[in-house]
Amino acid sequence: MPWTAARAGRIGEDERVIVPQVRLKAWQQGWRLLVAALLGVFAWVAVTAQLPEGSDDPRIGWLLFGDPIIGIGCLVATLWRRKYPLSIATGVVIVSAVSSSAGGAALLVLGSLATRRRPLETAFIGFACIATGAITEGIYPRGADPDPWWLSVAFIVLITGIVVAVGAAIGARREELQSLRERAESAEREQVARAAEARIVERHRIAREMHDVLAHRVSLVAMQAGVLGHRTDLPSDQVSLLAKGIADGAHQALEELREVLGVLRASPGGLEPPQPSLATLPALVADARALGVNVAYTPESIGTPPDLLARTVYRIVQEGLTNAGKHAPGAEVCVTVEGGEGDGLRVTVRDSGAARGEKPPPSAGFGLLGLSERVELAGGELDHHADPDGGFVLTAWLPWPARGEGSE
């Protein structure tokens, strides 16, 4: 159901939101006009029935001809009661003072105005209806035994009160429906915003994972290809070994990329493939050595850290080896992982600087940025800087709380 824009107004100390006007369909408008017309006819018949017999009072001619014309005109005017509520209500109620058949139209505009839930406007038009109704009662001549004036006024007050109450109830219902509709729209907008935010976060996570998975492999492959292009004096067996390393590295990169894409295609309830940990660090170092990086690493017994912590340590070492292979070809690289439960873990990847003047492969510059985000999410600190003695140092400290620490 279409709604017009809500408007706001202030009454006394309270701020009220004007009830949004529902656009009535033709049949809804029609039955309202029909009820108003029937009430007007009933009032006109009631007044006509009380005329004295045989009277030649000129007011009777007005009742028979002028009164119905005014009543029809007021009914037509009610068609604009929703566009100009106060103006139409005021005009119709004032004119109804000289037309009993316009009483139905007056009640219709009063009820329509009451749906707006503006007490001052409704009270003004309500008292005007009572006053004009009392005036109409005294305009036309009555028979020998007319009803007491107070009874007629009491009946007018009763009808006016009922119409105002019904109109206010309809307005309250419309306001409630509009409030529920706005809440539903707000909840839908929030859901869309949360979904968009979740997509952005997931895209960042995917991008970070793909960088971590591929950058290491591709960088080492590029380094071996650079050696082949730079060294033209290598024996055939070393050339074959480097070519085989390039092929194996490319194959492993494709396999790891397939694993990441497999996670994306998996169902929400599906299991992710095993994640890297401290136990896979020796294999990572062995791969780097096989591809020509001179790495020194001695595994230490530091316990079994949580999965997030172990995965972060692996990614730090992986990024350090990748950067060393890209920017310091031929350098000696030292990897250390120290600490334990309660003290945290300190990871250091230090290289001695480039030993060969080779042009490094292009770099996007997102590796250390993504690594900083990983370390920050784990609650740690990351530092990377050039070593005054030459080379580059990448260090990170990651918290590893002792079991039960922080509990009451």
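Numbering of the sequence shown is given in my numbering, commencing with residue 6 and proceeding in unit increments.
Glycine residues also receive a C-beta, built at the ideal position from the N, C-alpha and C atoms.
Alpha-carbon spacing of residue i relative to residue j, whole angstroms
i      : j      : result
GLY325 : PHE397 : 9 Å
TRP36  : LEU80  : 12 Å
LEU403 : GLY385 : 4 Å
PRO281 : ALA230 : 27 Å
ASP19  : LEU374 : With a pLDDT of only 39 at ASP19, under the threshold of 50, the placement of this residue in the model should not be trusted, and no figure is reported.
GLU346 : TRP405 : 5 Å
SER92  : ARG28  : 19 Å
ILE164 : ALA31  : 26 Å
ALA111 : ALA41  : 8 Å
ASP238 : THR353 : 36 Å
SER105 : GLY71  : 10 Å
ALA54  : ALA174 : 35 Å
PRO63  : THR141 : 16 Å
GLY395 : ALA293 : 21 Å
ILE251 : GLU260 : 14 Å
ALA288 : ARG188 : 55 Å
ALA201 : GLU378 : 20 Å
ILE144 : ILE167 : 25 Å
ARG204 : LEU182 : 33 Å
LEU399 : LEU314 : 17 Å
ARG186 : GLN34  : 24 Å
ARG263 : SER184 : 50 Å
HIS209 : ASP348 : 31 Å
ARG12  : VAL97  : For ARG12, the pLDDT reaches just 39, beneath the cut-off of 50, and the residue's location in the model is therefore unreliable, leaving the point undetermined.
LEU276 : ALA258 : Residue confidence is low: LEU276 scores 47 on pLDDT, short of 50, so the model does not pin down where it sits. No coordinate-derived value is stated.
PRO7   : ALA192 : Note that PRO7 scores a pLDDT of 42, beneath 50, so its modelled location is shaky; the value from the coordinates is reported in the next line. When rounded, the distance between both Cα atoms is 19 Å.
GLY66  : GLU190 : 58 Å
VAL162 : TRP155 : 10 Å
VAL206 : ARG355 : 32 Å
ALA159 : SER60  : 28 Å
GLY372 : PRO240 : 35 Å
Residue i vs residue j beta-carbon contact at 9 Å
i      : j      : result
ASN299 : VAL244 : no
LEU350 : VAL322 : no
TYR302 : THR341 : yes
SER157 : ALA139 : yes
ALA401 : ASP392 : no
GLY297 : LEU247 : yes
LEU376 : ARG320 : yes
GLU381 : GLU343 : no
LEU56  : LEU68  : yes
LYS331 : ALA255 : no
Whole-angstrom C-beta distance between residue j and residue i, which should lie under 8 Å
i      : j      : result
THR83  : VAL52  : That belief does not hold up - the Cβ atoms of THR83 and VAL52 are roughly 21 Å apart, past 8 Å.
ALA107 : GLY45  : 6 Å
ILE130 : VAL103 : Not a contact, Cβ separation roughly 17 Å.
GLY109 : ALA48  : 7 Å
ALA291 : ALA333 : Not confirmed; about 19 Å, so no contact.
Candidates the options: closest to residue i by CA position
i      : options                        : result
ALA284 : ALA301, ASP72, PRO311, GLY347  : PRO311
ALA383 : GLY344, VAL318, GLY395, GLY330 : VAL318
LEU39  : SER60, GLN55, ILE77            : ILE77
ALA407 : LEU399, ARG355, GLY308         : GLY308
ILE99  : PHE132, GLY71, LEU69           : PHE132
ASP253 : GLU142, VAL223, GLY344, ARG355 : VAL223
PRO146 : HIS209, GLU58, ALA227          : GLU58
VAL50  : ARG379, ALA189, ALA94, PRO73   : PRO73
SER357 : GLY344, ALA336, GLU343         : ALA336
HIS390 : GLU381, ILE144, ASP348, ALA329 : ALA329
PRO90  : ILE65, ALA119, LEU68           : ALA119
GLY172 : GLU193, ALA128, GLU190         : ALA128
CYS134 : SER191, ALA94, LEU262, GLY372  : ALA94
ALA295 : LYS249, PRO153, PHE160, TRP155 : LYS249
Contact the segment 69–86 vs the segment 123–130: 3+ CB pairs below 8 Å: no
The segment 196–204 / the segment 176–183 touching (three or more Cβ pairs under 8 Å): no
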